[in-house]
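Numbering (my numbering), first residue to last: 1235 to 1462.
Notes to accompany the following structure.
Spelled out as structure tokens, the structure:
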């Protein structure tokens, strides 16, 4: 993830009523964490980047782990708000589902390897926090799937947990460097392939023509893809 993308993610996520200095510290920490990983960044470096004193830092956060927690929670809540906004749109289920899938995959795309590495070496406190946050996000996703099944938009016999697991496996494919090398458009092009496969599977008859994939064909498009 680029520094600009990291800043944009946090800028989008932070509520408007967050004090300016807390916002500056959070953005600076996000830039440094995404570039180097939290373990390699000191409080002094965060303060220097944010042009804030250590006293100001400790006014808002007891340590850099709490800054990381704050960033993760705010980004998770922002993602949840975007999902709710998508759910409220006047679109076919197929169009909503595509946007929801893009949202979920995009959250992973915006995470750097240095940032992820911290999680593998996290202490017990941070590990428990990440586990709880992950469980919350998964629960929210399963609720979206279950609601779609109740409305008749998704086949009721497909277990929501299977959909969640399938997305995880597809996301692993997106991180395969050898596979990505086959796509001139890199990650973005591969993501389009992943999304198309999720909805339409292998059958050419399941995917609508380029000019026929609008709202009118949403239900059939979805059903053909999930049957694979």
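Every residue gets a Cβ at the ideal spot worked out from N, C-alpha and C, and that includes glycine.
Quick caveat: nothing in here was measured; it's all calculated off a predicted structure.
Candidates the options, of which the one nearest residue i by Cα
i: residue 1397; options: 1415, 1419, 1410, 1373; result: 1373
i: residue 1332; options: 1271, 1306, 1379; result: 1379
i: residue 1290; options: 1319, 1259, 1393; result: 1259
i: residue 1434; options: 1328, 1296, 1283, 1273; result: 1328
Straight-line gap, residue i to residue j (C-alpha atoms, nearest Å)
i: residue 1252; j: residue 1304; result: 12 angstroms
i: residue 1321; j: residue 1384; result: 14 angstroms
i: residue 1417; j: residue 1336; result: 18 angstroms
i: residue 1326; j: residue 1369; result: 28 angstroms
i: residue 1399; j: residue 1284; result: 39 angstroms
i: residue 1267; j: residue 1349; result: 6 angstroms
i: residue 1275; j: residue 1296; result: 15 angstroms
i: residue 1270; j: residue 1402; result: 25 angstroms
i: residue 1382; j: residue 1279; result: 46 angstroms
i: residue 1265; j: residue 1430; result: 33 angstroms
i: residue 1386; j: residue 1423; result: 31 angstroms
i: residue 1406; j: residue 1420; result: 15 angstroms
i: residue 1411; j: residue 1273; result: 26 angstroms
i: residue 1388; j: residue 1436; result: 19 angstroms
Residues of its chain near residue i, where Cβ-Cβ distance is below 6 angstroms and the 5 sequence neighbours each way are ignored
i: residue 1454; result: Note that residue 1454 scores 43 on pLDDT, short of 50, meaning its location in the model is unreliable; the coordinates nonetheless yield the value given after this. None.
i: residue 1255; result: 1286, 1290
i: residue 1330; result: 1320
Element boundaries [alpha helix (DSSP H), containing residue i]
i: residue 1378; result: 1358 to 1385
i: residue 1311; result: 1298 to 1321
i: residue 1288; result: 1288 to 1294
i: residue 1402; result: 1394 to 1408
i: residue 1266; result: 1254 to 1270
i: residue 1412; result: 1411 to 1414
i: residue 1277; result: 1277 to 1284
Residue i and residue j closer than 8 angstroms at C-beta
i: residue 1277; j: residue 1293; result: no
i: residue 1248; j: residue 1299; result: no
i: residue 1464; j: residue 1413; result: With the chain running from 1235 to 1462 in the structure shown, residue 1464 is simply not present.
i: residue 1390; j: residue 1376; result: no
i: residue 1263; j: residue 1301; result: yes
Residues of its chain near residue i, where Cβ-Cβ distance is below 8 angstroms and the 5 sequence neighbours each way are ignored
i: residue 1367; result: 1306, 1307, 1310
Neighbourhood of residue i by C-beta, 7 angstroms cutoff - its chain only, sequence neighbours within 5 removed
i: residue 1371; result: 1310
i: residue 1323; result: 1330
i: residue 1281; result: 1287, 1288, 1291
Proximity test, Cβ basis, 8 angstroms: residue i and chain C
i: residue 1333; result: You won't find chain C in this structure, because it holds only one protein chain.
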